[in-house]
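Trainee:
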Amino acid sequence: MNAISEISSSSLQQQADALARAMDDLNPMLKKMRLLASNAVSAAARAGSEGDAFRVLTQGIQELGLEIKHEIDNSKELLLALADSQSEAEKKKLLFEIKSTLEELPAAVAKGDYLAIYCSVEAAHAESHATRFNSVAQMLKSLITDLREEIVKQKTLITNMLEEV
Numbered sequence: 000m001n002a003i004s005e006i007s008s009s010s011l012q013q014q015a016d017a018l019a020r021a022m023d024d025l026n027p028m029l030k031k032m033r034l035l036a037s038n039a040v041s042a043a044a045r046a047g048s049e050g051d052a053f054r055v056l057t058q059g060i061q062e063l064g065l066e067i068k069h070e071i072d073n074s075k076e077l078l079l080a081l082a083d084s085q086s087e088a089e090k091k092k093l094l095f096e097i098k099s100t101l102e103e104l105p106a107a108v109a110k111g112d113y114l115a116i117y118c119s120v121e122a123a124h125a126e127s128h129a130t131r132f133n134s135v136a137q138m139l140k141s142l143i144t145d146l147r148e149e150i151v152k153q154k155t156l157i158t159n160m161l162e163e164v
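If you read the sequence shown in numbering that gives the first Met the number 0, its first letter stands for residue 0, the second for the next number, and so on.
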């Protein structure tokens, strides 16, 4: 019986490590999002009064990146607690907390979709700065697509972990 418990625990640890790696895979995307927000602020500043609405969107992009980072950091803390947990009940509770935290990410990604749409709308209304605004919108759309794919991977991993316990 103890051997089965050790195998299960080892398998769970491997899955937890895979989930941690999947979370780490979001870091380069979040870095790109911060860089994109900085570039968008510069584009808005160059546009002067034409970039006022776009400047507000750049704040939304920055906040989105921070929100996603916050959820990932919370999940990582819970994963560390999972590694230290002893009882199956405690492990299951922590896994549900991780799942709950990760379930916030699709809503954040949906905000990113809206921000990309608004960026495109602003680009359509901008005259001389439309190209810059539109490139921000396209890069944001690409980042959101990549984030969505990574979140699906994380959701699959946490579901598998819950089935394991």
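Heads up, the beta-carbon is just placed ideally off N, CA and C, and yes, glycines get one too. The structure presented is a predicted model; accordingly, all values stated were derived computationally and were not measured.
Less than 8 Å separating the beta-carbons of residue 90 and residue 84?
Mentor: Their beta carbons are under 8 Å apart, which means residue 90 touches residue 84 by this criterion.
Trainee: Specify the secondary structure class of residue 128 as computed by DSSP and reduced to three states.
Mentor: In the structure shown, residue 128 sits in coil (DSSP, three-state: anything other than H, G, I, E or B).
Trainee: Could you pull the start and end residues of the alpha helix (DSSP H) that residue 37 belongs to?
Mentor: Note, residue 37: alpha helix (DSSP H), 25 to 46.
Trainee: Just verifying my parser: in three-state terms, what is the DSSP assignment at residue 164?
Mentor: Here residue 164 sits in coil by DSSP.
Trainee: Any idea what DSSP makes of residue 85, helix, strand or coil?
Mentor: If DSSP states are grouped into helix, strand and coil, residue 85 belongs with coil.
Trainee: Tell me which same chain residues have a C-beta within less than 6 Å of the C-beta of residue 103, skipping the five on either side of it?
Mentor: Closer than 6 Å at the Cβ level, and outside the excluded window around residue 103, lie 70.
Trainee: Is residue 64 near residue 29, with beta carbons less than 8 Å apart?
Mentor: Against a cut-off of 8 Å, the Cβ pair of residue 29 and residue 64 comes out as a contact.
Trainee: What is the DSSP secondary structure of residue 102, counted as helix, strand or coil?
Mentor: Coil.
Trainee: Please classify residue 87: is it buried, with 16 or more other beta-carbons within 10 angstroms of its beta-carbon, or exposed?
Mentor: Its Cβ having fewer than 16 others within 10 Å, residue 87 is exposed.
Trainee: Between 32, 73, 163, 72, which has its C-alpha nearest residue 115's C-alpha?
Mentor: Closest by alpha carbon: 32.
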